[in-house]
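Reading through the structure tokens given below for one structure.
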Amino acid sequence: MKKLKWISIAVLFLMTFMLGACGKDEKASTTPNDDKQVTLKISASSTPHAEILEHIAPDLEKEGVKLDIVITQDGIQTNQQTADKELDANFFQHTPYLEQVNKDSGLNLVKVVGVHIEPFGVYSKKINSIEKLSTGTKVALPKDPVNFSRGLLLFADNGLIKLDSAKKGNFTLADITENKKKIEFIPVDGPVLVRSLDDVEASAINTNYALEGGFKPLKDALIIEGSNSPYVNILVARPDNKDDEAIQKLAKALTSEKVKKFIDEKYEGAVVPAF
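Under the working numbering, the first residue of the sequence shown is numbered 18, with each subsequent residue one higher.
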């Protein structure tokens, strides 16, 4: 009887071991498949950045990279989240803006690749020509220092104001040396520049916000930058992950002929490939 008891225990132990081994084999067979796909969480402006990412997402998924696209609401916060590893990368800004945020916030984010240029323009609901701009009128410019300076430069390039030629770095109101029309430049947060058109005579608006607002930049802008603008929109990551295989696959896809064709056909010159 005692011998039978020990045999039963031995059989039970053997069955438990075999079941456990089967469970381990089953888990091991699924793990490699799961490991093949990497998910990149990337924050982007809805237009055109997220649209470009969505266009290449199916191709990247075939290469084992799935994109989790989050729409950017605040540029400074998005950069901070990227630095804090809450995001793997972001795609919404140009190099001068990134450099300013890095300086102001003590971050060390880096450019991975340049993708496109969005010519900066001035829009209005009240006038149809920049020559009709009223004396003493109010004009909204992006609030952040880099794009505020970019707006002033656009007005200067079109002969509406003059700026201090000896100035280096971002231009401010103090650098205006001539303003015959006595234009009052109002700093406004980028995402609400389109809405500001109800309150001012004109607004200088980044192309992504203009497109979101239903404008066709080449048709509707009173004045607009040329395609030689230095403000190339870039894919941004951290120094520790910029060379990761998944990030590099994304960078390659963003600068492919497929993306160039998509940009040319969809945005008809309002967005210009920079590669």
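Positions of the beta carbon are idealized from the N, C-alpha and C atoms, including for glycine.
Spatial distance of residue i from residue j (CA atoms)
| i | j | result |
| --- | --- | --- |
| Ala-157 | Phe-165 | 9 Å |
| Glu-135 | Leu-77 | 24 Å |
| Ala-238 | Ala-221 | 9 Å |
| Ala-263 | Val-249 | 22 Å |
| Thr-99 | Asn-119 | 12 Å |
| Phe-137 | Thr-224 | 6 Å |
| Ala-270 | Asn-107 | 15 Å |
| Val-217 | Pro-208 | 16 Å |
| Asp-161 | Gln-54 | 38 Å |
| Gln-97 | Ile-200 | 35 Å |
| Glu-242 | Thr-152 | 23 Å |
| Ala-74 | Gln-90 | 21 Å |
Residue from the options with nearest C-alpha to residue i
| i | options | result |
| --- | --- | --- |
| Glu-274 | Ile-69, Ser-62, Pro-65 | Ile-69 |
| Val-129 | Asp-261, Ala-254, Pro-290, Lys-277 | Ala-254 |
| Lys-278 | His-133, Val-127, Gln-94, Lys-198 | His-133 |
| Val-211 | Tyr-226, Asp-105, Lys-160, Lys-197 | Tyr-226 |
| Gly-92 | Glu-103, Leu-169, Leu-115 | Leu-115 |
| Ile-251 | Ser-141, Glu-242, Ser-122, Leu-267 | Leu-267 |
| Ser-122 | Thr-112, Phe-109, Lys-142, Gln-94 | Gln-94 |
| Phe-292 | Gly-286, Val-276, Glu-285 | Val-276 |
| Leu-235 | Val-288, Val-163, Leu-84 | Val-288 |
| Thr-112 | Val-205, Gly-286, Pro-247 | Pro-247 |
| Gly-131 | Tyr-284, Gln-265, Asp-215 | Gln-265 |
Cβ-based burial, residue i [other Cβ within 10 Å; buried from 16]
| i | result |
| --- | --- |
| Ile-178 | buried |
| Glu-148 | exposed |
| Thr-194 | exposed |
| Glu-282 | exposed |
| Leu-57 | buried |
| Ser-213 | buried |
| Ser-182 | exposed |
| Pro-256 | exposed |
| Ile-280 | buried |
Residue interval of the alpha helix (DSSP H) (run including residue i)
| i | result |
| --- | --- |
| Pro-75 | 68 to 79 |
| Ala-173 | 162 to 174 |
| Glu-274 | 274 to 284 |
| Leu-57 | No alpha helix (DSSP H) contains Leu-57, which is instead part of the beta strand (DSSP E) from 55 to 61. |
| Glu-242 | Per DSSP, Glu-242 belongs to no alpha helix (DSSP H) and is neither H nor E. |
| Ile-178 | Neither: Ile-178 is in no alpha helix (DSSP H) and is coded neither H nor E. |
Beta-carbon proximity check, residue i vs residue j, cutoff 8 Å
| i | j | result |
| --- | --- | --- |
| Leu-229 | Ser-60 | In the sequence on display, residue 229 carries Glu and not Leu. No, the pair does not count as a contact, with Cβ atoms beyond the cut-off. |
| Asn-175 | Ile-240 | yes |
| Lys-184 | Asp-192 | yes |
| Asp-6 | Asn-258 | Since the displayed the chain opens at 18 and closes at 292, residue 6 lies outside it and no answer follows. |
| His-72 | Phe-109 | no |
| Gly-203 | Lys-143 | The residue you asked about is not Gly; residue 203 is Ile in the sequence shown. In this structure, Lys-143 does not lie closer than 8 Å to Ile-203 by Cβ. |
N-terminal and C-terminal residue of the beta strand (DSSP E) that residue i is part of
| i | result |
| --- | --- |
| Ala-221 | 219 to 222 |
| Pro-204 | 201 to 205 |
| Gly-186 | Run containing Gly-186: none; DSSP gives neither H nor E here. |
| Gly-138 | 138 to 140 |
| Ile-193 | 193 to 195 |
| Ile-251 | 249 to 254 |
| Gln-296 | Residue 296 cannot be examined here, being either before or after the span of the chain that is shown, 18 to 292. |
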